[in-house]
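A.B. asks: Can you keep this structure in mind? I'll have questions shortly.
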Ligand SMILES: Cc1cc2nc3c(=O)[nH]c(=O)nc-3n(C[C@H](O)[C@H](O)[C@H](O)COP(=O)(O)OP(=O)(O)OC[C@H]3O[C@@H](n4cnc5c(N)ncnc54)[C@H](O)[C@@H]3O)c2cc1C
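Residue numbers (my numbering): 3 to 313.
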């Protein structure tokens, strides 16, 4: 294993476990609120969990008030963060069309549009022909209608994490990579976390260990009910019609067929939310590996055939 980057302090007010996009964001936001005695411990490199392979799409649309608040806060923050922390990022605010194949789906869109109106999130109803205006390759014969999200887009998740990390460090937070948390005990109203570099005492611990959240939760005697699902996306070769365009296509989301489709360089990136998707590491004969940093499951393109046809 690589050597830990930096000396482990003996105390901190907060220790964040996990250096993916969530852990780095928590660290940044704590530091921004003035909690600068904070340390993030990452067992491998920053972004080595799910974050490194995320497609990085950033919608505002969602049917939950809390999630809409988080998502719209995030998309606004991402538009400013690079400049704020002096870490330029690839963030493409392309806008997105969302397709409705039925009246019921359109009703859902209208409901969310009205929620958005209460929260300053601009979502606009679109007719099939209006969508073709912004997305000329769209076949509209089976569409009932759709919706436009002007602030949807995609961000590079590794750059986003590094931007949070830089911002947090600049405000005094510490990040130690290659420093796994291996155990915990309670001592005099404090947590004592064990690592190969020694112990660190703290008031609060944030479990931001992503797909390993249950493993870390178990150290605290907690069951974190989460399971790892394989999610596949594919990227096509360059498509001449896209190369010929001078503007990036908006993201396209089809919740009925269940996929997102976006322009990636001069090709397309297709990501289906598979109806029969596979859970991993759920049985005793398929245990979670000790280390899955920067790794992928084997691809299974047959499972995607229906979605490729549909798209
Ligand atoms: C193919 C794919 C596409 C995706 N597309 C999108 C998308 O378009 N939009 C979107 O919003 N989301 C997307 N996601 C989901 C997104 O990637 C995750 O929700 C997000 O990255 C989770 O971040 P995290 O910080 O919670 O977890 P992770 O990135 O998994 O980070 C957890 C970190 O904790 C560390 N860790 C674990 N245990 C310990 C320990 N004991 N001690 C120290 N460190 C530890 C791990 O090494 C890891 O670095 C996608 C995911 C995948 C796989």
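C-beta: ideal position from N, C-alpha, C; glycine also.
How long is the line joining the alpha carbons of residue 300 and residue 25, rounded to whole angstroms?
C.D. replies: Here the question's residue 300 lines up with position 298 in the chain shown. Here the question's residue 25 lines up with position 23 in the chain shown. Looking at the two C-alpha atoms, the distance is approximately 27 angstroms.
A.B. asks: State whether the stretch 231–248 contacts the stretch 195–207, with contact taken as three or more CB pairs (one from each stretch) at a distance under 8 angstroms.
C.D. replies: Cβ pair count under 8 angstroms is below three, so no.
A.B. asks: Considering only their Cβ atoms, is the gap separating residue 93 from residue 164 smaller than 8 angstroms?
C.D. replies: Start at 1 with the first residue of the chain shown, and residue 164 comes out as number 162. Start at 1 with the first residue of the chain shown, and residue 93 comes out as number 91. Against a cut-off of 8 angstroms, the Cβ pair of residue 93 and residue 164 comes out as no contact.
A.B. asks: What does residue 54 pair with, by DSSP beta-bridge criteria?
C.D. replies: Locating residue 54 in the chain shown gives position 52, counting from the first residue. Answer is none; residue 54 lacks a bridge partner.
A.B. asks: I need the straight-line Cα distance from residue 17 to residue 41, nearest angstrom please.
C.D. replies: Counted from its first residue, the chain shown places residue 17 at position 15. Counted from its first residue, the chain shown places residue 41 at position 39. Roughly 5 angstroms separates the two Cα atoms.
A.B. asks: Would residue 114 pass as a contact of residue 63 if the rule is Cβ separation under 8 angstroms?
C.D. replies: The residue labelled residue 114 in the question sits at position 112 within the chain shown. The residue labelled residue 63 in the question sits at position 61 within the chain shown. In this structure, residue 63 lies closer than 8 angstroms to residue 114 by Cβ.
A.B. asks: Taking the straight line between their C-alpha atoms, what separation do you get for residue 14 and residue 39?
C.D. replies: One-based indexing of the chain shown puts residue 14 at position 12. One-based indexing of the chain shown puts residue 39 at position 37. Whole-angstrom Cα-Cα distance: 5 angstroms.
A.B. asks: What is the DSSP secondary structure of residue 176, reduced to helix, strand or coil?
C.D. replies: Here residue 176 refers to the residue found at position 174 of the chain shown. DSSP places residue 176 in strand when its eight states are reduced to three.
A.B. asks: Can residue 281 and residue 226 be called in contact, C-beta distance under 8 angstroms?
C.D. replies: To locate residue 281, count along the chain shown from 1; it is residue 279. To locate residue 226, count along the chain shown from 1; it is residue 224. Not in contact: residue 281 and residue 226 (Cβ atoms no closer than 8 angstroms).
A.B. asks: Measuring CB atoms only, is the stretch 173–192 touching the stretch 122–136, in the sense that at least three cross pairs come out at less than 8 angstroms?
C.D. replies: In short, these stretches do not touch, since the Cβ pair count stays below three.
A.B. asks: When the Cα of residue 61 is compared with those of 305, 268 and 256, which residue comes out closest?
C.D. replies: Here residue 61 corresponds to residue number 59 of the chain shown, with the count starting at 1. Selected option, being the one with the closest Cα: 256.
A.B. asks: Would you be able to state if there are at least three C-beta pairs under 8 angstroms between the stretch 238–252 and the stretch 263–273?
C.D. replies: They touch, by the three-pair rule.
A.B. asks: Give the C-beta separation of residue 97 and residue 144 to the nearest angstrom, bearing in mind that I take them to be a contact with Cβ-Cβ under 8 angstroms.
C.D. replies: Residue mapping note: residue 97 aligns to position 95 of the chain shown, counting from 1. Residue mapping note: residue 144 aligns to position 142 of the chain shown, counting from 1. The pair is not a contact, with the Cβ atoms about 22 angstroms apart (cut-off 8 angstroms).
A.B. asks: Provide the residue span of the alpha helix (DSSP H) that contains residue 33, from first to last.
C.D. replies: For this step, residue 33 is matched to residue 31 along the chain shown. Residues 23–34.
A.B. asks: Helix, strand or coil for residue 312, going by three-state DSSP, please let me know.
C.D. replies: As a working note, residue 312 is residue 310 in the chain shown. Helix.
A.B. asks: Start and end of the alpha helix (DSSP H) containing residue 77?
C.D. replies: Position 75 of the chain shown, counting from 1, holds the residue named residue 77. 67–87 is the extent of the alpha helix (DSSP H) around residue 77.
A.B. asks: So, for residue 215: in the same chain, excluding its five sequence neighbours on each side, which residues have a beta-carbon less than 7 angstroms away from its beta-carbon?
C.D. replies: Start at 1 with the first residue of the chain shown, and residue 215 comes out as number 213. 209, 226 and 228, listed in sequence order.
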